[in-house]
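Numbering (the UniProt record's numbering), first residue to last: 1 to 144.
The beta-carbon is built from N, C-alpha and C at its ideal position, and this holds for glycine as well.
A quick write-up on the structure given underneath.
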């Protein structure tokens, strides 16, 4: 799960997908920028996750790394900018094939973006939670 800073959308997506899968799956999140490396998720992401029975407070921000292409089978990005930033690091067609916009799981090939709620109010975080929950349900059903 990849967003810009790895404190709002991607840790929420990580927590949601982890809650839907067994421990046999590795789910992680990262940001394309290094602004928040080592930081906890935004308190509003933590609060909306908690409201829905999830605890993401222990997650720590990290930057997306070239090795993520080797570690993960699927890389979901939240928006077009994240997509472009991840694709710039892709080394080959196999890396490229792993990357997709997360909302394409809900709306095939539409490339809809998960809006960044950072500068918005609490309602934006709930909206993002609902979008990611729907996408993660589909992902989990495909994997199990």
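Under DSSP, the beta strand (DSSP E) around residue i begins and ends at which residues?
i: residue 100; result: 99 to 101
i: residue 77; result: 75 to 77
Looking at the secondary structure, which residues open and close the alpha helix (DSSP H) in which residue i lies?
i: residue 10; result: 9 to 20
i: residue 131; result: 122 to 143
i: residue 62; result: From DSSP, residue 62 is part of no alpha helix (DSSP H); its letter is neither H nor E.
i: residue 91; result: Residue 91 -> no alpha helix (DSSP H), and no H or E assigned at all.
i: residue 43; result: 43 to 51
Tell me the rounded alpha-carbon separation between residue i and residue j.
i: residue 196; j: residue 75; result: Outside the shown range of the chain (1 to 144) lies residue 196, about which nothing can therefore be said.
i: residue 109; j: residue 102; result: 10 Å
i: residue 58; j: residue 78; result: 21 Å
i: residue 33; j: residue 17; result: 22 Å
i: residue 136; j: residue 49; result: 14 Å
i: residue 80; j: residue 25; result: 26 Å
i: residue 5; j: residue 97; result: 23 Å
i: residue 66; j: residue 31; result: 12 Å
i: residue 15; j: residue 28; result: 9 Å
i: residue 36; j: residue 134; result: 26 Å
i: residue 52; j: residue 141; result: 19 Å
Find out if the Cβ-Cβ distance for the pair residue i, residue j is shorter than 9 Å.
i: residue 22; j: residue 144; result: yes
i: residue 132; j: residue 12; result: yes
i: residue 38; j: residue 20; result: no
i: residue 2; j: residue 127; result: no
i: residue 119; j: residue 7; result: no
i: residue 85; j: residue 64; result: yes
i: residue 139; j: residue 105; result: yes
i: residue 94; j: residue 112; result: no
i: residue 124; j: residue 115; result: yes
Quiz item: Is the region 36 to 50 touching the region 65 to 79, taking contact as three or more C-beta pairs under 8 Å?
Solution: no
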